[in-house]
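Chemist:
In the numbering used here, the protein residues as written are 1216 to 1426.
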């Protein structure tokens, strides 16, 4: 096996091992020796790739962000109308969260430890993502079919609140991330956008941040 390829595999194994250890014990209690042993690599190999646990934690964050960006890019390319595209995005996102320990661990990192994946950061990036498609395509169809400018914002706020809420709820009970649950929830949405203000759905900036 070429040296460069082996080094890439070792780095990925260490990131995965760190993520699994973080999920089990939390970042503060995770030890570098334990992480290297779990990856079946020497401590020297670990420190060849990462100078400290902080460095390794940021690598977990970066790997999780890369996966998240893949899902977001697929959403941006989707020809589906907004509500359907966000439903598909949500199904894909939480399917990956359940199966990918690195993504799951990255989403649980405290923002002061590894900025970029805290609840506040996620709600802002998803609101911008959904709003862009709402303005471009409208909530229900191609460009030109949506209501005045306020409506895309309200729809993006509602959908952002749903996805962020599911992220929080699924962390305690994984059934919230089941495809059937998500699709069933989305089936209730067609009449919802016009009632957002009356229902008191908060804009992303009003949602509570979490560590």
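Each residue gets a CB set at the ideal place from its N, CA and C atoms; glycine is no exception.
State the DSSP-derived secondary structure class of residue 1301, mapped to helix, strand or coil.
Modeler: Helix, per DSSP.
Chemist: According to DSSP, is residue 1243 part of a helix, a strand, or is it coil?
Modeler: If DSSP states are grouped into helix, strand and coil, residue 1243 belongs with coil.
Chemist: May I have the straight-line CA-CA distance separating residue 1325 from residue 1332, to the nearest angstrom?
Modeler: Using only the alpha carbons, I get a separation of about 8 Å.
Chemist: Going by DSSP, what residue range makes up the alpha helix (DSSP H) through residue 1427?
Modeler: Outside the displayed range of the chain (1216 to 1426) lies residue 1427, so it cannot be described from this structure.
Chemist: Taking just the CA atoms, how far does residue 1383 sit from residue 1334?
Modeler: Residue 1334 and residue 1383: Cα-Cα distance of roughly 9 Å.
Chemist: Who are the near neighbours of residue 1219 in its chain, counting only those whose CB is closer than 8 Å to its CB and skipping five residues on each side?
Modeler: Answer for residue 1219: no residue qualifies.
Chemist: Counting beta carbon pairs with one atom in the region 1270-1278 and one in the region 1222-1230, are three or more of them shorter than 8 Å?
Modeler: Contact between the region 1222-1230 and the region 1270-1278 is present, because at least three Cβ pairs lie under 8 Å.
Chemist: When the Cβ atoms of the region 1285-1296 are set against those of the region 1244-1260, are three or more pairs found closer than 8 Å?
Modeler: Counting Cβ pairs under 8 Å, fewer than three are found: no touch.
Chemist: Could you tell me whether the region 1305-1318 touches the region 1385-1398, where touching means 3 or more Cβ pairs closer than 8 Å?
Modeler: Because the criterion of three Cβ pairs below 8 Å is met, the region 1305-1318 and the region 1385-1398 touch.
Chemist: Would you identify the three-state DSSP class for residue 1333, choosing helix, strand or coil?
Modeler: If DSSP states are grouped into helix, strand and coil, residue 1333 belongs with coil.
Chemist: In three-state terms, what does DSSP make of residue 1325?
Modeler: The answer is coil: DSSP assigns residue 1325 none of H, G, I, E or B.
Chemist: Look up residue 1345 in the DSSP assignment and say whether it is helix, strand or coil.
Modeler: Note: residue 1345 maps to helix in three-state DSSP.
Chemist: Measuring straight from C-alpha to C-alpha, what distance separates residue 1270 and residue 1256?
Modeler: If I take the Cα positions, the gap works out to 17 Å.
Chemist: Once DSSP output is grouped into helix, strand and coil, what is the label at residue 1371?
Modeler: Residue state, collapsed to three classes: helix.
Chemist: Between the beta-carbon of residue 1317 and the beta-carbon of residue 1279, is there less than 8 Å?
Modeler: In contact: residue 1317 and residue 1279 (Cβ atoms closer than 8 Å).
Chemist: Buried or exposed, going by whether 16 or more other CB atoms sit within 10 Å of the CB of residue 1245?
Modeler: Residue 1245 comes out buried.
Chemist: How far does the alpha helix (DSSP H) with residue 1271 in it extend, from its first residue to its last?
Modeler: Here the alpha helix (DSSP H) through residue 1271 covers 1268-1292.
Chemist: Taking all protein chains shown into account, decide if residue 1367 is buried (16 or more other Cβ within 10 angstroms of its Cβ) or exposed.
Modeler: Classification of residue 1367: buried, given that the 10 Å Cβ count is 16 or more.
Chemist: Can you check whether the CB of residue 1286 is closer than 8 Å to the CB of residue 1345?
Modeler: Not in contact: residue 1345 and residue 1286 (Cβ atoms no closer than 8 Å).
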